[in-house]
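In what follows, a structure is listed as structure tokens, so that the remarks can point back to it.
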Amino acid sequence: MAYYARPEEILYHTHLSQNMLMGAKIALLPGDPGRVQSLAEAMGPAVELVSHREYTSYLAQVASQPILVISTGMGGPSTAICLEELVRLGIKRVIRVGTTGSIKDSLDLGDVVIIKGAVRLEGTSTHYAPIEFPAVADLDLTQLLVYAAEMEHIPYEVGICVSSDTFWPGQERYDSFTGYVLRRFQGSMKEWQQLGVTNYEMETAAVFVTSQALGLKAASICGVVAKRTESEEIAPPEIYHRAEVRFQKIVKRGLEELLQRE
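Okay, so the sequence shown: first residue is 1 according to the UniProt record's numbering, each after it adds one.
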């Protein structure tokens, strides 16, 4: 049974209603509330809707169609909450738009990863599907992002990420307060590299599995702001900005193509 919200109903966490979305069926999902405005405005004319908890939202226009841009916060739990409310508001497709640390030599700072699948190194997705269930992207949406990257001549790779519940131990980072990494994570980055994993981040597995459980189509694109094969350092602001501009261009071009086809 589908439990849609009433048109005027304000949902508890996101503080959004169907009426506020003006018929939007697509949502872009940055993690950081501070990235919502720039992403929305890169799509086209945009207006702020509301900011509540970690959920800051704007309504943008692409090809005269409304597109919701809403932050999810960091990690799986707040992301799944966001998705649960968006599907009740009539959203049908979602694209995670975030940043990431690469673990593959060929992925440089400022490059883009279009994620086709995710290692479920997190707990949220297990509340929606057993661990044996794959965390995979919608093929059509993913191909649109690849097409857009090609058309924009932006360096990218299609890859598999590890979605970790933690920023330090789960991603085998030793530059934390104690430097302690649980034994089961020690050496894990080398294992993921051997299996062809491209990057670490914190939300995509939850986006893919929760979306599948809710009947949403989902894709994910991330800009590389740390090259873990060389350093644990986050890229300087100018590189961060380059990654942001690149994934914004890809997403906008992909949305334009999608809306034109429909």
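By construction, the Cβ of each residue, glycine as well, lies at the ideal position given by its N, Cα and C atoms.
Those residues which DSSP pairs with residue i across a bridge
i: residue 159; result: 115
i: residue 37; result: According to DSSP, residue 37 bridges with nothing at all.
i: residue 19; result: According to DSSP, residue 19 bridges with nothing at all.
i: residue 2; result: According to DSSP, residue 2 bridges with nothing at all.
i: residue 65; result: 62
i: residue 93; result: 26 and 217
i: residue 48; result: 58
i: residue 164; result: 121
i: residue 98; result: 222
i: residue 70; result: 57
Neighbourhood of residue i by C-beta, 7 Å cutoff - its chain only, sequence neighbours within 5 removed
i: residue 9; result: 17
i: residue 62; result: 43, 44, 252, 255, 256 and 259
i: residue 181; result: 169, 172 and 174
i: residue 146; result: 114 and 158
i: residue 185; result: 169, 170 and 172
i: residue 138; result: 217, 218 and 219
i: residue 25; result: 90, 91, 92 and 93
i: residue 1; result: none
Cβ-based neighbour list, residue i, same chain, cut-off 6 Å, excluding 5 preceding and 5 following
i: residue 4; result: 88
i: residue 15; result: 50 and 52
i: residue 249; result: 152
i: residue 46; result: 40, 58 and 60
i: residue 227; result: 102 and 109
i: residue 166; result: none
Beta-carbon proximity of residue i to residue j, cut-off 9 Å
i: residue 78; j: residue 57; result: no
i: residue 80; j: residue 69; result: no
i: residue 223; j: residue 198; result: no
i: residue 91; j: residue 21; result: yes
i: residue 141; j: residue 219; result: yes
i: residue 93; j: residue 216; result: yes
i: residue 48; j: residue 74; result: no
i: residue 110; j: residue 155; result: yes
i: residue 163; j: residue 201; result: yes
i: residue 122; j: residue 187; result: no
i: residue 161; j: residue 204; result: yes
Same chain only: Cβ atoms within 8 Å of residue i, ignoring 5 sequence neighbours per side
i: residue 105; result: 229
i: residue 264; result: What the structure shows of the chain is the stretch from 1 to 262, and residue 264 is not part of that stretch, so it cannot be assessed.
i: residue 23; result: 66 and 90
i: residue 239; result: 109, 110 and 225
i: residue 127; result: 80
i: residue 7; result: 17, 18 and 19
i: residue 243; result: 99, 109, 110, 111, 112, 223, 224, 225 and 235
i: residue 84; result: 210 and 214
i: residue 262; result: none
Proximity test, residue i beta-carbon vs the ligand GTP heavy atom, cut-off 8 Å
i: residue 203; result: Ligands in the displayed structure: none, and consequently the ligand GTP is not present.
message = For the structure I just gave you, are there three or more beta carbon pairs, one from the stretch 168-179 and one from the stretch 128-142, closer than 8 Å?
response = no
request  = Taking 8 Å as the threshold, find out whether the stretch 230-238 comes into contact with the stretch 33-47 through three or more Cβ pairs.
outcome  = no
Given 8 Å, three or more beta-carbon pairs between the stretch 103-120 and the stretch 195-212 = yes
query = Where are the beta strand (DSSP E) runs, 3 residues long or more, that stay fully inside the stretch 169-243, in chain order?
reply = 199-201 and 217-227
query = Three or more beta-carbon pairs under 8 Å between the stretch 22-33 and the stretch 87-103, yes or no?
reply = yes
key: Start-end ranges of the beta strand (DSSP E) lying completely within the stretch 100-149, minimum 3 residues   = 112-121
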